[in-house]
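Trainee: Sharing a structure with you now.
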């Protein structure tokens, strides 16, 4: 049939191949997991189905002679600011499928990034900067409930007060929840190794903890989500902390759905479900309809683990996030994780990913403010998540009032991800968001663990340099210190919400 | 003959092999005159000595195993195949008459026939001879090849 459906005829990306440079090694044919590349024996040429290309750039990266470039299709629709190619393509897809458009990764719309509108301070003349290479610099961060006040022994020196279990981080960065199923065991293992080496924590996500990763228990945060996959007493105890997942920045208000065909034996065993059955996380926790219900679950988990594990609650940054966070603090959580509108995911309807939630910068500022006003700030730690790109973003988030930051996309990028937004297909050519054994082996946990360790080390250096310039020698001193931030190009209202002064003031 | 030999060989690690064929292209490149992958394939008509075998999820790079009892050595009619003191199996392409006996008897399919207008000889992995370190091991992006003493 020569007739082509519109979403096939108008493909967004195409593979350009320099035929002179192509040595027919067929590496690209084998690497492409989207059936976009094939070898034609009659012509002795590598050919492409451009309509299948997702711009993952695996072939481009692996072409040993640099013969391949994946480019945007130069053929465009009539230029139209309203009917963009994306808008037209979405209609073409939906008119044929009759379904919501599934996508993955984080929001790709140009939602204002407030980190780009915040500037950090530095010391000049009146107060000295610190050289982090010559003087000690402290990034150690503790996550957990802090005491209201300290009580001392009669000697006036020894502290009598005891505080609950804290997570000790060598850098205020943790790896955010990515479940076994959405990503494969190799990336989880890489994160776990990097965390053990560097001294931070990774999060299992809602898919349970595979038994091969139980040796990393002291650096593992285990998640309890609405599906309760893989949750039993042993799971809860094989952890440094427990996180109750209420929502996720990329899909606030909806649950998850791991299709049955992806549920292989390893995932089935870890999630405690039959092989091949759909793993459905309901949108709500069916036992949580109020703050009081949440309190019951928090204390049930604490009771089950003998009050030895801090319990986090993760929510998406939505319109009333400050009030909700307050409720969570009252409910007895030790830390609140807030995932902003740019947060990533392995699968979500496009409409939710792009249009639901608020930016994490606003959420941090609002929640920190509200918790301070209610006198609750010391009772919970605040972990921000969703779209953090660099050490500078981390430091700005901490200056706005967060205690630490969750990074997920960054970990994926360090494993080779090119943000092609195909995680939900389970065909990730880089071997990250797939459990297909041929693809998953592309990710060598030892190599990625080294990459992640390097990344954390680089970010630690970056943060230390920035702190040093500000004349600060401990990350504690910048926490919520919004006086060291100035904004540019923001409205008065935005400055008020962020609690920062415009540059020049 | 069970004595351990002081021989370094290339070992493929199947679980890490991602069938990217960097080993093949690197091999062809370093064995070329031009040291350029495009010219090696297109002008010099060379072929790789290591070949990637793929079947679904299983893949690995295969090259001469430098066997303790090399069938190719027994089968060679021209004395082109010799075993040195460490046990490394060498193939002298000048002496080779192209009878393809080695190609037939190699249980690993690691000896390949080269048929060009001017030449007719078999070829196989020489552990990168003078280069000192096998190019395939150096090129492998996923640590699926290691260069180690014989186990």
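Residue numbers (the working numbering), protein chains in the order written: chain A, 149 to 653; chain B, 5 to 155. Even glycine gets a Cβ: it sits at the ideal position worked out from N, Cα and C. Nothing here was measured: the structure is a model prediction, and the numbers come from that model.
Using a Cβ-Cβ cutoff of 7 Å, what residues of the region 24-45 of chain B are near chain A? List them in chain order.
Mentor: So the close ones are 24, 25, 26, 28, 29, 41, 42 and 45.
Trainee: Runs of 4 residues minimum, wholly inside the region 480-546 of chain A: which ones carry the alpha helix (DSSP H) assignment?
Mentor: If we require 4 residues or more, the alpha helix (DSSP H) runs fully inside the region 480-546 of chain A come out as 498-503 and 508-521.
Trainee: Any chance the region 629-648 of chain A sits against the region 504-517 of chain A, with 3 or more Cβ pairs inside 8 Å?
Mentor: With a cut-off of 8 Å, the region 504-517 of chain A and the region 629-648 of chain A count as touching, because enough Cβ pairs lie within range.
Trainee: Check for me: the alpha helix (DSSP H) holding residue 623 of chain A runs from which residue to which?
Mentor: In the first chain, the residue the question calls residue 623 of chain A occupies position 475. First-last for residue 623 of chain A: undefined, no H or E at that position.
Trainee: Please confirm whether residue 60 of chain B has its beta-carbon closer than 9 Å to some beta-carbon of chain A.
Mentor: Against the second chain, residue 60 of chain B aligns to sequence position 56. Yes, residue 60 of chain B lies at the interface with chain A (some Cβ there is under 9 Å from its Cβ).
Trainee: Measuring CB to CB, does residue 54 of chain B end up less than 9 Å from residue 27 of chain B?
Mentor: In the second chain, the residue the question calls residue 54 of chain B occupies position 50. In the second chain, the residue the question calls residue 27 of chain B occupies position 23. In contact: residue 54 of chain B and residue 27 of chain B (Cβ atoms closer than 9 Å).
Trainee: Mind pulling the beta strand (DSSP E) runs of 3 or more residues that sit fully within the region 416-443 of chain A?
Mentor: Those beta strand (DSSP E) runs which fall completely within the region 416-443 of chain A and span 3+ residues are 427-429.
Trainee: Looking at the strands, I want to know which residues DSSP matches up with residue 345 of chain A.
Mentor: Within the first chain, numbered from 1, the residue matching residue 345 of chain A stands at position 197. Its beta-bridge partners do not exist; DSSP assigns none.
Trainee: Who pairs with residue 370 of chain A in a beta bridge, going by DSSP?
Mentor: Along the first chain, read from residue 1 onward, the residue named residue 370 of chain A stands at position 222. DSSP output for residue 370 of chain A lists A:390 as bridge partner(s).
Trainee: From which residue to which residue does the alpha helix (DSSP H) around residue 175 of chain A run?
Mentor: Within the first chain, the letter at position 27 stands for residue 175 of chain A. Note, residue 175 of chain A: alpha helix (DSSP H), 175-179.
Trainee: In the DSSP output, which residue or residues are listed as bridge partners for residue 161 of chain A?
Mentor: As a first step, residue 161 of chain A is located in the first chain; it is residue number 13 there, counting from the start. Looking at the DSSP assignment, residue 161 of chain A forms a beta bridge with A:220.
Trainee: Could you tell me the distance, in whole angstroms, from the CA atom of residue 111 of chain B to the CA atom of residue 52 of chain B?
Mentor: Sequence index remark: in the second chain, residue 111 of chain B carries index 107 (1-based). Sequence index remark: in the second chain, residue 52 of chain B carries index 48 (1-based). Each residue's alpha carbon lies about 18 Å from the other.
Trainee: Leaving out five residues on either side along the sequence, give the residues of the same chain with a beta carbon under 8 Å from the beta carbon of residue 225 of chain A.
Mentor: Residue mapping note: residue 225 of chain A aligns to position 77 of the first chain, counting from 1. The residues are 158, 231, 233 and 236.
Trainee: Looking at the structure shown, is residue 599 of chain A part of a helix, part of a strand, or coil, going by DSSP?
Mentor: Counting from 1 along the first chain, the entry for residue 599 of chain A is found at position 451. Helix, per DSSP.
Trainee: Determine the closest residue to residue 253 of chain A out of A:399, A:210 and A:374, with distance taken between C-alpha atoms.
Mentor: Locating residue 253 of chain A in the first chain gives position 105, where the first residue counts as 1. Of the candidates A:399, A:210 and A:374, the one whose C-alpha sits nearest the C-alpha of residue 253 of chain A is A:399.
Trainee: Mind checking whether residue 721 of chain A and residue 335 of chain A have CB atoms under 9 Å apart?
Mentor: Only positions 149 to 653 of chain A appear in this structure, which leaves residue 721 of chain A out of reach.
Trainee: Which of the three DSSP states, helix, strand or coil, is assigned to residue 634 of chain A?
Mentor: Residue numbering aside, residue 634 of chain A sits at position 486 when the first chain is read from its first letter. Residue 634 of chain A: strand per DSSP, three-state reduction.
Trainee: Along chain B, which residues have their Cβ under 9 Å away from the Cβ of residue 703 of chain A?
Mentor: Limits of chain A in this structure are 149 at one end and 653 at the other, which puts residue 703 of chain A out of reach.
Trainee: In angstroms, rounded to a whole number, what distance separates the CA positions of residue 124 of chain B and residue 95 of chain B?
Mentor: By one-based count along the second chain, residue 124 of chain B stands at place 120. By one-based count along the second chain, residue 95 of chain B stands at place 91. So the alpha carbons of these two residues sit roughly 13 Å apart.
Trainee: Below 7 Å on C-beta distance, what does residue 592 of chain A contact in chain B?
Mentor: Looking up residue 592 of chain A in the first chain gives position 444. Here the neighbours are 20, 146 and 147.
Trainee: Can you check whether the CB of residue 319 of chain A is closer than 9 Å to the CB of residue 368 of chain A?
Mentor: As a working mapping, residue 368 of chain A is identified with position 220 in the first chain. As a working mapping, residue 319 of chain A is identified with position 171 in the first chain. No, they are not a contact pair.
Trainee: Assuming residue 403 of chain A and residue 431 of chain A form a contact by the criterion Cβ under 8 Å, report the distance between their Cβ atoms to the nearest whole angstrom.
Mentor: Start at 1 with the first residue of the first chain, and residue 403 of chain A comes out as number 255. Start at 1 with the first residue of the first chain, and residue 431 of chain A comes out as number 283. Confirmed, about 4 Å.
Trainee: How would you list, in chain order, the residues of chain B whose beta-carbon sits under 8 Å from the beta-carbon of residue 174 of chain A?
Mentor: The sequence position of residue 174 of chain A within the first chain is 26, counting from 1. Simply 25.
Trainee: Quick one: what's got a C-beta closer than 8 Å to residue 626 of chain A's C-beta in the same chain, skipping five residues either side?
Mentor: On the first chain, position 478 is the one that residue 626 of chain A refers to. Around residue 626 of chain A: 543, 546, 547, 615, 618, 620 and 632.
Trainee: Which chain B residues sit within Cβ distance under 8 Å of residue 320 of chain A?
Mentor: On the first chain, position 172 is the one that residue 320 of chain A refers to. Correct list: empty, because the minimum Cβ distance to chain B is about 32 Å.
Trainee: Which residue from B:15, B:9, B:8 and B:10 puts its Cα closest to that of residue 138 of chain B?
Mentor: Residue 138 of chain B sits at position 134 when you count from the first residue of the second chain. Considering only alpha carbons, the answer is B:15.
Trainee: Under a CB-based cut-off of 9 Å, is residue 574 of chain A close to chain B?
Mentor: Translated into the one-based positions of the first chain, residue 574 of chain A becomes position 426. Closer than 9 Å: no.
Trainee: Does residue 341 of chain A come within less than 9 Å of chain B when only Cβ atoms are used?
Mentor: Here residue 341 of chain A is taken as the residue at index 193 of the first chain, counted from 1. Chain B contact via Cβ: absent.
Trainee: One question on the structure: do residue 491 of chain A and residue 506 of chain A come within less than 9 Å of each other, judged by their Cβ atoms?
Mentor: As a working mapping, residue 491 of chain A is identified with position 343 in the first chain. As a working mapping, residue 506 of chain A is identified with position 358 in the first chain. Contact: no.
Trainee: Using a threshold of 9 Å, state whether the C-beta atoms of residue 372 of chain A and residue 357 of chain A are closer than that.
Mentor: Sequence index remark: in the first chain, residue 372 of chain A carries index 224 (1-based). Sequence index remark: in the first chain, residue 357 of chain A carries index 209 (1-based). No, they are not a contact pair.
Trainee: Which stretch, first to last residue, makes up the beta strand (DSSP E) that contains residue 125 of chain B?
Mentor: Numbered from its first residue, the second chain carries residue 125 of chain B at position 121. First-last of the beta strand (DSSP E) with residue 125 of chain B: 124-127.
Trainee: Here's the rule: buried if 16 or more other CB atoms are within 10 angstroms of the residue's CB, otherwise exposed. What is residue 380 of chain A?
Mentor: Stepping through the first chain from its first residue, residue 380 of chain A is reached at position 232. Residue 380 of chain A is exposed by the Cβ-count criterion.
Trainee: When you compare the region 586-596 of chain A with the region 560-567 of chain A, are there three or more beta-carbon pairs, one atom per stretch, that lie closer than 8 Å?
Mentor: With the cut-off at 8 Å, the region 586-596 of chain A and the region 560-567 of chain A touch.
Trainee: Please list the terminal residues of the continuous alpha helix (DSSP H) segment that includes residue 32 of chain B.
Mentor: Reading the second chain from its first residue, position 28 is the one you call residue 32 of chain B. Note, residue 32 of chain B: alpha helix (DSSP H), 26-34.
Trainee: What does a CB cutoff of less than 8 Å around residue 540 of chain A pick up in its chain, not counting 5 residues either side in sequence?
Mentor: Walking along the first chain from the start, residue 540 of chain A turns up at place 392. Answer for residue 540 of chain A: 263, 268, 610 and 614, listed in chain order.
Trainee: Quick check on the DSSP output: the beta strand (DSSP E) that includes residue 405 of chain A runs from which residue to which?
Mentor: Numbered from 1 along the first chain, position 257 holds the residue referred to as residue 405 of chain A. Taken as a continuous stretch (DSSP letters only), the beta strand (DSSP E) holding residue 405 of chain A covers 404-406.
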